[in-house]
Each structure stands twice: as structure tokens, then as C-alpha cells.
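Enquirer: Position in the sequence shown counted from 1, then plus 68, gives you my numbering.
After the C-alpha cells below, expect a handful of questions from me.
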Amino acid sequence: MRYSLLDLSPVPDGSDAGAAIAHSVDLAVHAEGWGYHRFWMAEHHNMPGIASAATAVLIGHVASATRRIRVGSGGIMLPNHAPLRVAEDFGTLASIHPGRIDLGLGRAPGGDMAVMRALRRAGQDDFPGDVQELMRLLGPARAGAAVRALPGEGTEVPIWILGSSLYGAQLAAQLGLPYAFASHFAPDALEQAFHVYRETFRPSAAWPKPHAMLAVNVFAADTRGEARRIRTSMQQAFAQLRLGRPGKLPRPVDDIEAAIGPEVTRGVDQALRVSAVGTRNEVADQLSALVERHRPDEVILTGTIHDHTARLRSFELAAQAMEEVGAVAA
Numbered sequence: 069m070r071y072s073l074l075d076l077s078p079v080p081d082g083s084d085a086g087a088a089i090a091h092s093v094d095l096a097v098h099a100e101g102w103g104y105h106r107f108w109m110a111e112h113h114n115m116p117g118i119a120s121a122a123t124a125v126l127i128g129h130v131a132s133a134t135r136r137i138r139v140g141s142g143g144i145m146l147p148n149h150a151p152l153r154v155a156e157d158f159g160t161l162a163s164i165h166p167g168r169i170d171l172g173l174g175r176a177p178g179g180d181m182a183v184m185r186a187l188r189r190a191g192q193d194d195f196p197g198d199v200q201e202l203m204r205l206l207g208p209a210r211a212g213a214a215v216r217a218l219p220g221e222g223t224e225v226p227i228w229i230l231g232s233s234l235y236g237a238q239l240a241a242q243l244g245l246p247y248a249f250a251s252h253f254a255p256d257a258l259e260q261a262f263h264v265y266r267e268t269f270r271p272s273a274a275w276p277k278p279h280a281m282l283a284v285n286v287f288a289a290d291t292r293g294e295a296r297r298i299r300t301s302m303q304q305a306f307a308q309l310r311l312g313r314p315g316k317l318p319r320p321v322d323d324i325e326a327a328i329g330p331e332v333t334r335g336v337d338q339a340l341r342v343s344a345v346g347t348r349n350e351v352a353d354q355l356s357a358l359v360e361r362h363r364p365d366e367v368i369l370t371g372t373i374h375d376h377t378a379r380l381r382s383f384e385l386a387a388q389a390m391e392e393v394g395a396v397a398a
């Protein structure tokens, strides 16, 4: 089973965007060596703790520092952009790095209404139409077309639909596209979305059968206690975001309930329940159970960790765990 990695280029407390980007590149280089199939980055705006706002720029930076791993978006928030601009950006990336670029598309704005207005896209939402326009722009050359993506046309950059509801599942099935579910932070509709996607999938030339990706948070360490401790940074960050106070990624704490309160902790843990936390063997067992239950075609792992060395170790152990899970699945 292929396993991939989603990175938000987190900016830890006490650090800055430059260091965060350098750490993302270093993580991608290591991930390639550990056997990860894809390295995806996500578009977010106006958030002090995330440095991946200019997602296409970072994708090119990471692709230039690696050799084999696929690099892409998980995702580009399409309501923020004109499809032609996205097609040109990713067509250019695919021309520089042929056969290595993915284009995952989301419907969420990646920010609030003020961000959408600043991006000059407020009020514009024809997600299905924009996806189909992108498919045409990146598809076979159309010499007589009034508008062409140059570079872009003929690159056939793989398009993925991302989502956390039945809407994205239905659209991906209708268009014959692969589907990635945001189970790492919004898992409530996971089982139903996978069912709808698989049952209503219409085969396409590129995808004759459905391809569903499961997103899982992973926090692995050499001890169970350390794994739980490094997870507290993401728990705190998620709580701050829900309370409307996004900031840089907090340092880990020994007692998460003392830091954010028992009630908030319960709510955060419910939202982040598709997670694997512990030693390599414990993470392998938890990932195996998730794979057994949801039967994904691919797993994408993520985990926002304050210390870069701990983050590297977590994804290294997670790769070892996924190799074990893949062997069991085979």
C-alpha cells in the first residue's frame, strides 16, 4: 500500500517562516528516502503558524530538492483562484518536473471572507465547473480554443478532489477522479463518503476504478510518553484555531488538559480521532486497524510537531510502520 505525507510547513513558536520552509524541504528529502510516495502541501492564508500560503511556489522548491517523490497540493483551494492561473502554475511545474506533480483541489477558502476579498475571489463559487475547466486546460491540446494554458495543456497533471463531506465524494465519483478525505481533522462523514464515492464512481480514461485516500495524523516516538507529548502541540494549535486565535505552533506540554481544559481537550480529540500515537509497534497496530476498517487505496500521513528532529523521527517510524501494514495487507 502506498503511503504519502501531508505537510503544512508549520512555523513553531520561537521560529519563523524561513526556518519552517527549510525544515519542510529537509522533511521531503528524508521522506523520499523512507519510501513515501507523495509529498503534499496545503494552501492556508493569514495564519501565523503555517508557511505554505504560496503553495505552488513551495511545491516547485521541494520538487527541485528531491528526485523521485511525487510533489503536489493537498490542496489548492480552487475558489481562491482562476482555473487558468492554476493550470499555468501546475503546467509549468509539470514541465519542469515531468511525471512528478499532483494537483489536489479543495472547495474551502483556506481563510475567512476577508482573505477571499483580498484574493479578489469573494462570492465566486462554481467548484464543479472550475474543476472541469481545469481538466480541459490540462488535458489534450485544443488548437482552436480561445483560451489555452501554455504551459499546461497536454501535461495531464493528475487532479484529485479533496473533501470532508459527501459533496466532494459525489463530485470525484461523477468526474472519475481520485478522492482524498480530510479524516485527519473532520472524520465524521468518512465512512459514508467512501461508500458514496465507491458506489457511484464513473470510470474515466485515467482512473478506470475508484482510488480513495485516507488521511491520518501520526505521532510516533521511541516511547509512548514522548509520542503523546509531541502530539500536544497540534492539540493546542487546533484548540486555538477553533477559538479564533490562530498563532504559531505551540511548544509541547506535559499535561494537555491543564493547558487547554478538559472540555476543549475532549472536543479536539474527537475531531482528531483518526490518529495513530505511540511507539512504532503501537502506531503500526493502530494504522493496521484503520486500514482494515476503511480499506483505503492509499494512506496520507500528517502530524504537526514543534521540534523538527522529533518530526523527522515520527515520520521515519511511521514509514516503518506503514511498511509493516503494507506487508500485512498484501
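Where a beta carbon is used, it is the ideal one built from N, C-alpha and C, also for glycine.
Identify whether residue 102 lies in helix, strand or coil by the three-state DSSP scheme.
Expert: Taking the first residue of the sequence shown as 1, we reach residue 102 at position 34. Helix, per DSSP.
Enquirer: Put residue 170 into one of helix, strand or coil per three-state DSSP.
Expert: Along the sequence shown, read from residue 1 onward, the residue named residue 170 stands at position 102. DSSP places residue 170 in strand when its eight states are reduced to three.
Enquirer: Run the CB neighbour count on residue 349, radius 10 Å, all protein chains shown included, and call it buried at 16 or more, exposed below.
Expert: By one-based count along the sequence shown, residue 349 stands at place 281. By the 10 Å Cβ count, residue 349 comes out exposed.
Enquirer: Taking three-plus beta-carbon pairs below 8 Å as touching, is the stretch 238 to 247 in contact with the stretch 314 to 323?
Expert: no
Enquirer: Return the residue from the list 158, 304, 351 that minimises the CA-CA distance to residue 122.
Expert: Along the sequence shown, one-based indexing puts residue 122 at 54. Selected option, being the one with the closest Cα: 158.
Enquirer: With DSSP as the reference, please indicate the residues paired to residue 80 in a beta bridge.
Expert: Position 12 of the sequence shown, counting from 1, holds the residue named residue 80. Paired residues: 317.
Enquirer: Determine the DSSP secondary structure at residue 380, reduced to helix, strand or coil.
Expert: Within the sequence shown, the letter at position 312 stands for residue 380. Helix at residue 380.
Enquirer: Quick one: Cα of residue 277 to Cα of residue 143, how far?
Expert: Within the sequence shown, the letter at position 209 stands for residue 277. Within the sequence shown, the letter at position 75 stands for residue 143. Going by the C-alpha atoms only, they are around 22 Å apart.
Enquirer: Going by the CB atoms, is the gap between residue 269 and residue 249 shorter than 8 Å?
Expert: Here the question's residue 249 lines up with position 181 in the sequence shown. Here the question's residue 269 lines up with position 201 in the sequence shown. With contacts defined by Cβ atoms closer than 8 Å, residue 249 and residue 269 do not form a contacting pair.
Enquirer: Are there 16 or more other CB atoms within 10 angstroms of the CB of residue 267, so buried, or fewer, so exposed?
Expert: In the sequence shown, residue 267 corresponds to position 199, counting from 1. Answer is exposed; the Cβ neighbour count stays below 16.
Enquirer: Does the distance from the CB of residue 96 to the CB of residue 127 come in under 8 Å?
Expert: Translated into positions along the sequence shown, residue 96 becomes position 28. Translated into positions along the sequence shown, residue 127 becomes position 59. No. Outside cutoff.
Enquirer: Residue 109 bridges to which residues according to DSSP?
Expert: Within the sequence shown, the letter at position 41 stands for residue 109. Partner(s): 75, 141.
Enquirer: Here's a check: name, in chain order, each residue in its chain whose Cβ is nearer than 7 Å to the Cβ of residue 187, leaving out the five neighbours to either side.
Expert: Residue 187 sits at position 119 when you count from the first residue of the sequence shown. So the qualifying residues of the chain are 148.
Enquirer: Drop a sphere of 10 angstroms on the beta-carbon of residue 396, count the other beta-carbons inside from all chains shown, and report buried for 16 or more, exposed for fewer.
Expert: Within the sequence shown, residue 396 is the residue found at index 328, counting from 1. Classification for residue 396: exposed.
Enquirer: What number of angstroms, rounded off, separates the C-alpha of residue 208 from the C-alpha of residue 216?
Expert: Reading the sequence shown from its first residue, position 140 is the one you call residue 208. Reading the sequence shown from its first residue, position 148 is the one you call residue 216. Spanning the two alpha carbons is a distance of roughly 11 Å.
Enquirer: For residue 364 and residue 339, what's the separation of their Cα atoms in angstroms?
Expert: The residue labelled residue 364 in the question sits at position 296 within the sequence shown. The residue labelled residue 339 in the question sits at position 271 within the sequence shown. Near 20 Å, if we compare the C-alpha coordinates of residue 339 and residue 364.
Enquirer: From which residue to which residue does the alpha helix (DSSP H) around residue 202 run?
Expert: Here residue 202 refers to the residue found at position 134 when the sequence shown is read from its first residue. Residues 195 to 206.
Enquirer: Give a yes or no on contact between the stretch 366 to 373 and the stretch 295 to 313, applying the rule of three or more CB pairs nearer than 8 Å.
Expert: Segments in contact, yes.
Enquirer: With H, G and I counted as helix, E and B as strand and the rest as coil, what does DSSP make of residue 114?
Expert: The sequence position of residue 114 within the sequence shown is 46, counting from 1. Residue 114: coil per DSSP, three-state reduction.
Enquirer: What distance in whole Å lies between the Cβ atoms of residue 246 and residue 302, which are believed to be in contact at a cut-off of 8 Å?
Expert: Your numbering for residue 302 matches position 234 in the sequence shown. Your numbering for residue 246 matches position 178 in the sequence shown. So it is not a contact: roughly 26 Å between Cβ atoms.
Enquirer: Which residues bound the beta strand (DSSP E) around residue 163?
Expert: As a first step, residue 163 must be located in the sequence shown, where it is residue number 95. Residue 163 -> not in any beta strand (DSSP E); alpha helix (DSSP H) instead, spanning 151 to 164.
Enquirer: Can you pull the DSSP bridge partners for residue 253?
Expert: In the sequence shown, the residue the question calls residue 253 occupies position 185. Looking at the DSSP output, residue 253 shares a beta bridge with no other residue.
Enquirer: Give the C-beta separation of residue 155 and residue 230 to the nearest angstrom, bearing in mind that I take them to be a contact with Cβ-Cβ under 8 Å.
Expert: On the sequence shown, residue 155 is found 87 positions in, with the first residue counted as 1. On the sequence shown, residue 230 is found 162 positions in, with the first residue counted as 1. Actually they are not in contact, since the Cβ atoms of residue 155 and residue 230 sit about 18 Å apart, beyond 8 Å.
Enquirer: Considering just the uninterrupted stretch of the alpha helix (DSSP H) at residue 350, what are its terminal residues?
Expert: What you label residue 350 is simply residue 282 of the sequence shown in a count that begins at 1. It spans 348 to 362 - the alpha helix (DSSP H) in which residue 350 sits, taken as one unbroken run.
Enquirer: What distance in whole Å lies between the Cβ atoms of residue 98 and residue 380, which are believed to be in contact at a cut-off of 8 Å?
Expert: In the sequence shown, counting from the first residue as 1, residue 380 sits at position 312. In the sequence shown, counting from the first residue as 1, residue 98 sits at position 30. At roughly 6 Å, the Cβ-Cβ gap stays under 8 Å, so residue 380 and residue 98 are in contact.
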